[in-house]
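Visitor: When we follow my numbering, the leftmost residue of the sequence shown carries the number 10, and every step to the right adds one.
We put the beta carbon where it would ideally sit given N, CA and C, even for glycine.
Submitted below is the structure of interest, expressed as C-alpha cells.
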Amino acid sequence: MSLAIKQPLSNTINNRAIPAANEPHGDVGREAIAAMRKMLGKTSAASQFDKLPAQQRALVLFGARLKPSEYLNRPLLSLSTNEREAVRQSLIALTDLGRAFSNMPLSRAQFISPRQTAIAAQHTAQQDDSRHVDDALTMISQQARELMSELDHDNKH
C-alpha cells in the first residue's frame with residue numbers, strides 16, 4: 010500500500026512566479042495595447058492625434074506650419090514623413106509651452122488685473138487728449154494759412 014503524497018502546485022513557469030490576477034503588473038496592459046497597435050500599424054500618438062478636437066488639431070497643424078484647412082480631417086498616418094515630423098515638433102513645442110504655464114493660475118486676474126486696466130484706461134484717455142490737441146493745432150494752422158493767403162492777396166492788389 011502506497012500513500013499518495015500531494016505535490017504542491019507549482020506557481021512558476023521557467024522559474025518565474027506567475028502574478029495573481031489582482032496583483033499589479035506594471036505596464037502589461039500598455040505593452041499589450043502597444044503590441045496590438047503594432048499589429049494594426051497605428052501608434053498611440055497617431056491614435057491620440059486623430060481623437061483631438063478640431064480646434065486642438067488646428068493648433069498643432071498651425072504650429073507644424075501645415076494649413077489646417079487642408080490637413081484638419083486627415084489622419085496622422087496619412088501625412089508624409091516630413092509632415093509627421095513637423096507635427097511631432099509642434100507637439101513637443103506645445104508640450105513645453107504647457108509645462109511653462111502648468112503650475113501657474115490662469116485666472117483672469119493674472120491677465121487682466123484692475124491696476125493694469127486702470128493704467129490702460131489712463132493711457133487711452135491721454136491718447137484721446139493728445140488727439141484733441143493735435144486736431145485743434147491742425148485747425149489753427151489751417152486757419153493761419155488761410156489768413157496769410159488772404160493777407161498776401163490783399164497786399165498784392
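(1) Just reading off the alpha helix (DSSP H) that L115 is part of, what are its end residues?
(2) Residues in its own chain within less than 7 Å of A102 by CB, not counting five upstream and five downstream?
(3) Decide if F58 is buried, meaning its Cβ has at least 16 other Cβ atoms within 10 Å, or exposed.
(4) Counting Cβ pairs closer than 8 Å, one from the region 108–116 and one from the region 132–139, do we hit at least three?
(5) What residue range is occupied by the uninterrupted alpha helix (DSSP H) comprising S67?
(6) I'd like to know whether the C-beta atoms of V142 and S99 end up nearer to each other than 7 Å.
(7) Mapping the DSSP letters down to three states, classify S139 as helix, strand or coil.
(8) Kindly indicate which three-state DSSP category N82 falls into: helix, strand or coil?
(9) Given a cut-off of 7 Å, decide if A55 and L86 are closer than it, judged by their beta-carbon atoms.
(10) Report, in whole angstroms, the separation of the C-beta atoms of L81 and A67, which I expect to be a contact under 8 Å.
(11) Taking the alpha-carbon positions, what's the T52 to R93 distance?
(12) Give the straight-line distance between the Cα atoms of L146 and T133, rounded to the nearest whole angstrom.
Guide: On the basis of the data shown:
(1) Walking along the sequence shown from the start, residue 115 turns up at place 106. Careful: L115 lies outside any alpha helix (DSSP H) and carries neither H nor E.
(2) Locating residue 102 in the sequence shown gives position 93, where the first residue counts as 1. Closer than 7 Å at Cβ, skipping near neighbours: G72.
(3) As a working note, residue 58 is residue 49 in the sequence shown. Classification of F58: buried, given that the 10 Å Cβ count is 16 or more.
(4) no
(5) Counting from one through the sequence shown, the residue named residue 67 turns up at place 58. Correcting the residue type first, residue 67 is Ala in the shown sequence and not Ser. Here the alpha helix (DSSP H) through A67 covers 63–72.
(6) Stepping through the sequence shown from its first residue, residue 142 is reached at position 133. Stepping through the sequence shown from its first residue, residue 99 is reached at position 90. For V142 and S99, no; Cβs fall outside 7 Å.
(7) Position 130 of the sequence shown, counting from 1, holds the residue named residue 139. Of the three classes helix, strand and coil, the one that applies to S139 here is helix, per DSSP.
(8) Numbered from its first residue, the sequence shown carries residue 82 at position 73. Residue state, collapsed to three classes: coil.
(9) The count along the sequence shown starts at 1 and reaches residue 86 at position 77. The count along the sequence shown starts at 1 and reaches residue 55 at position 46. Contact flag set, yes.
(10) What you label residue 81 is simply residue 72 of the sequence shown in a count that begins at 1. What you label residue 67 is simply residue 58 of the sequence shown in a count that begins at 1. About 6 Å separates the two Cβ atoms, so the contact holds.
(11) Looking up residue 52 in the sequence shown gives position 43. Looking up residue 93 in the sequence shown gives position 84. Those two C-alpha atoms are separated by around 12 Å.
(12) Translated into positions along the sequence shown, residue 146 becomes position 137. Translated into positions along the sequence shown, residue 133 becomes position 124. Straight-line Cα distance between these residues: approximately 20 Å.
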